[in-house]
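Q: Here the protein sequences line up with chains A and B, keeping their order. Read in order, the letters of the first sequence correspond to residues 1 to 256 in the UniProt record's numbering. Read in order, the letters of the second sequence correspond to residues 1 to 289 in the UniProt record's numbering. Note that CB positions come from ideal geometry on N, CA and C, so glycine has one too. If you scroll down you'll find the structure; I have some questions about it.
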Amino acid sequence: MTPLFQVKSLGKYYGSRIGCEDVSFDLYPGEVMGIVGESGSGKSTLLNCLAGHLEPDTGEVLFDTRVGGLRDTVTMSEPERRMLGRTDWAFVYQHARDGLRMGVSAGGNVGERLMAVGARHYGDIRAQAIDWLGRVEIAEDRVDDRPSAFSGGMQQRLQIARNLVTGPRLVFMDEPTGGLDVSVQARLLDLLRGLVREMGLSAIIVTHDLAVVRLLADRLMVMKDGHVVETGLTDQVLDDPQHGYTQLLVSSVLQV
Amino acid sequence: MSDYNFAYLDEQTKRMIRRAILKGLAVPGYQVPFASREMPMPYGWGTGGVQVSAAVLVPEDVMKVIDQGADDTTNAVSIRKFFEKTAGVATTEHTRDADVIQTRHRIPEEPLREDQILVYQVPIPEPLRFLEPRETETRKMHALEEYGLMHVKLYEDISRHGAISTAYAYPVKVEGRYVMDPSPIPKFDNPKLEMAAVQLFGAGREQRIYALPPYTQVVSLDFEDFPFEASKADHACDLCGCNTSYLDEVIMDDAGGRMFVCSDTDFCRERRAAGHVGAQGAPYEEDAA
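Structure, rendered in structure tokens:
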């Protein structure tokens, strides 16, 4: 089986400072990988390099494209990379405001990706937008409201709908539940887990919340100071952490 | 002989503008940056159009200036006087006699010929600006032909108003490549953008020039189920009776009285001179005004 996504010794430096260094992993179709670590450990740098938002200094980021097979997205031309970014890839930001157009209605937000890949039939676009709003539990009568009239949880769900409407194969998520209260978090996680299973999505989730990865991720990568210090199955890493830092991380979680 | 260099601008500046115009003609619809000069009028009063006109004028040219179709409004009168004074060119109000026509927000009703040049004053040349405020990003979107966002605007129109309510500055796609803002002409004029004359667009404050060579394909963006429609007031001109021209609505009194008149004053006058009379029109007399 060919991996969907393959990263080989990726590195990103900010001057002499290390953003992340020597990161390698394979991601197979339908697999969800979590990346955990404290603030400043290089998680977001890594994710942005993977998603093409930042240009890595070393290494390769291979993606199994529909026509060309495994291709390095770093050396790929910019139009091709951006095309991937609005078809096969999706990026869910921590702050919904970064991922949404706040001045455009919910329907327009979901429809944008469709129109970006050439949909030109208003009725169809709208029907798909309403369908997707339903899937993320936003009522149909909110389709013409702007995201600024939505609650934080709804904005985040809208962002997810907007990203998944073109049927991507790989979703990058940067702290998707950050800043939401726990009950909203739980519902969002439930929703995400359902969508990931239903659509057979592969996903890479960056978070500092171990509960989130426990729930969503099959595999886990622990980062510290720009380096990967431990990888393995989620349950294995969380229940039997080997590296000192992972042990600290796991034991730091507050027990209620 | 006036103390100004011909058409106000110095020769080097005119060469620089001509280079931008030639590049614009070579890449129809592409916004060419140029070093816009300070003009003796405020931004928003047609500084871009004036610079383009100054660069294309030759002493033998006859010039016409219109503002919303009219020859007799402040903007048109002052720009016409500006070129009379600084270039010493002849001016006219007759579309057919003009070599260079500078326009603000209208295309003349009478079809233009291959030997004419139409110069538009453009306030905001970037059609994507209100959707994407970053210039770096919009340039990239043009370069990579990522125009999905333009349809988001039209989608929003339909979802809010039930129809594409954009009535002016209606975005067009030029030769299947660049999406272009045709300046704030009414969408009624959009089909006329495919014409015999050279069309030049100048945005002074935004420092951009773009152009349409003669007979360039210009398609107004739309949806399959909401096709583009060139709309106008459903009325005939009250002065000349014309059913097909673009109309201005003029409020006559405080009791709701109104009349519709051709926005193209030259077109209307010629029709009246030829004997056409509208519902509220009086028979035409020379110099009646």
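Taking contact to mean at least 3 C-beta pairs separated by less than 8 angstroms, is the segment 208-221 of chain A in contact with the segment 232-252 of chain A?
A: These segments touch.
Q: Starting from phenylalanine 83 of chain B and walking both ways along the alpha helix (DSSP H), at which residues does that stretch end?
A: Segment 74-86, the alpha helix (DSSP H) holding phenylalanine 83 of chain B.
Q: Quick one: what's got a C-beta closer than 8 angstroms to glycine 167 of chain A's C-beta in the same chain, skipping five residues either side?
A: Cβ neighbours of glycine 167 of chain A beyond the five flanking positions: Met199.
Q: Between the beta-carbon of aspartate 22 of chain A and the beta-carbon of glutamine 6 of chain A, is there less than 8 angstroms?
A: Cβ atoms of aspartate 22 of chain A and glutamine 6 of chain A: not closer than 8 angstroms.
Q: When you compare each of A:Cys20, A:Ala211, A:Gly111, A:Asp57 to serine 44 of chain A by their alpha carbons, which one comes out closest?
A: Among A:Cys20, A:Ala211, A:Gly111, A:Asp57, the Cα nearest to that of serine 44 of chain A belongs to A:Cys20.
Q: Could you work out which residue in A:Gly107, A:Tyr93, A:Gly59 is closest to glycine 179 of chain A when comparing CA atoms only?
A: That would be A:Tyr93, whose Cα lies nearest to the Cα of glycine 179 of chain A.
Q: For proline 214 of chain B, I'd like the list of residues in its chain whose CB is within less than 8 angstroms of its CB, leaving aside the five on either flank, ordered along the chain.
A: Closer than 8 angstroms at the Cβ level, and outside the excluded window around proline 214 of chain B, lie Glu114, Met195, Ala196, Ala197, Val198.
Q: Would you report the Cα separation of glutamate 146 of chain B and proline 133 of chain B, rounded to the nearest angstrom?
A: Between glutamate 146 of chain B and proline 133 of chain B, the C-alpha separation is close to 15 angstroms.
Q: Going by the CB atoms, is the gap between threonine 166 of chain B and lysine 192 of chain B shorter than 8 angstroms?
A: Not a contact, by the Cβ cut-off of 8 angstroms.
Q: Using a Cβ distance threshold of 8 angstroms, determine whether the segment 171-188 of chain B contacts the segment 15-23 of chain B, with at least three qualifying pairs required.
A: They do not touch, by the three-pair rule.
Q: Lysine 153 of chain B bridges to which residues according to DSSP?
A: Per DSSP, none; premise fails for lysine 153 of chain B.
Q: Quick check: does the Cβ of valine 74 of chain A come within less than 7 angstroms of any heavy atom belonging to the ligand FMN?
A: With respect to small molecules bound, the structure shown includes none, and the ligand FMN cannot be examined in it.
Q: Here's the rule I'm using: 16 or more other beta-carbon atoms within 10 Å means buried, otherwise exposed. How should residue 295 of chain B be labelled?
A: Because residue 295 of chain B is not part of the residues shown, which for chain B are 1 to 289, the question remains open.
Q: Return the residue from the list B:Pro40, B:Leu247, B:Leu221 that minimises the CA-CA distance to glycine 118 of chain A.
A: Nearest option by C-alpha distance: B:Leu221.
Q: Which whole-angstrom value is the C-beta distance of aspartate 55 of chain B and isoleucine 79 of chain B, which I expect to be below 8 angstroms?
A: For the sequence presented, residue 55 of chain B should be read as alanine rather than aspartate. That belief does not hold up - the Cβ atoms of alanine 55 of chain B and isoleucine 79 of chain B are roughly 15 angstroms apart, past 8 angstroms.
Q: At which residues does the beta strand (DSSP E) containing glutamate 234 of chain A begin and terminate?
A: Before going further, note that residue 234 of chain A is threonine rather than glutamate in the sequence given. Taken as a continuous stretch (DSSP letters only), threonine 234 of chain A belongs to no beta strand (DSSP E), being part of the alpha helix (DSSP H) at 234-239.
Q: Quickly, what does DSSP pair glutamate 60 of chain A with across the bridge? List them, please.
A: Answer by DSSP bridge pairing, in chain order: A:Lys8.
Q: Could you tell me the alpha carbon to alpha carbon distance between glycine 111 of chain A and threonine 73 of chain A, rounded to whole angstroms?
A: Straight-line Cα distance between these residues: approximately 26 angstroms.
Q: If you reduce the DSSP assignment to three classes, tell me which class histidine 161 of chain B lands in.
A: Three-state DSSP puts histidine 161 of chain B in a helix.
Q: Scan the segment 63-78 of chain A for residues whose Cβ lies nearer than 9 angstroms to a Cβ of chain C and list them as they occur along the chain.
A: The structure shown contains no chain C; its protein chains are A and B.
Q: In the DSSP assignment, the alpha helix (DSSP H) including phenylalanine 188 of chain B goes from what residue to what residue?
A: Premise fails: phenylalanine 188 of chain B is in no alpha helix (DSSP H) and is neither H nor E.
Q: Mind checking the segment 162-192 of chain B against chain A and listing, in chain order, the residues whose C-beta falls within less than 8 angstroms of any C-beta there?
A: Listed by position, the residues of the segment 162-192 of chain B near chain A (Cβ gap below 8 angstroms) amount to none.
Q: Where are the beta strand (DSSP E) runs, 3 residues long or more, that stay fully inside the segment 195-235 of chain A, in chain order?
A: The segment 195-235 of chain A contains these whole beta strand (DSSP E) runs: 202-207, 219-224, 227-233.
Q: Assign arginine 113 of chain A to one of two classes, buried (16 or more other C-beta atoms within 10 Å of its C-beta) or exposed (fewer than that).
A: It is buried - the Cβ of arginine 113 of chain A has at least 16 other Cβ atoms within 10 Å.
Q: Below 8 angstroms between beta carbons: does that hold for glycine 281 of chain B and aspartate 234 of chain B?
A: Taking 8 angstroms as the Cβ cut-off, glycine 281 of chain B and aspartate 234 of chain B do not qualify as a contacting pair.
Q: Please report the distance separating the alpha-carbon of alanine 7 of chain B from that of threonine 13 of chain B.
A: The straight-line gap from Cα to Cα measures roughly 11 angstroms.
Q: If you run the structure through DSSP and keep just helix, strand and coil, what is proline 59 of chain B?
A: DSSP places proline 59 of chain B in coil when its eight states are reduced to three.
Q: Only counting runs of 4 or more residues, tell me where the alpha helix (DSSP H) segments fall wholly within the segment 6-69 of chain B, in order along the chain.
A: List check, alpha helix (DSSP H) in window: 11-26, 47-56.
Q: Near alanine 289 of chain B, what residues of its chain come up, given a Cβ to Cβ distance below 7 angstroms and the 5 sequence neighbours on each side ignored?
A: Confidence at alanine 289 of chain B is low in this model, with a pLDDT of 49, below 50, so its placement is unreliable and the value that follows should be read with caution. Closer than 7 angstroms at the Cβ level, and outside the excluded window around alanine 289 of chain B, lies no residue.
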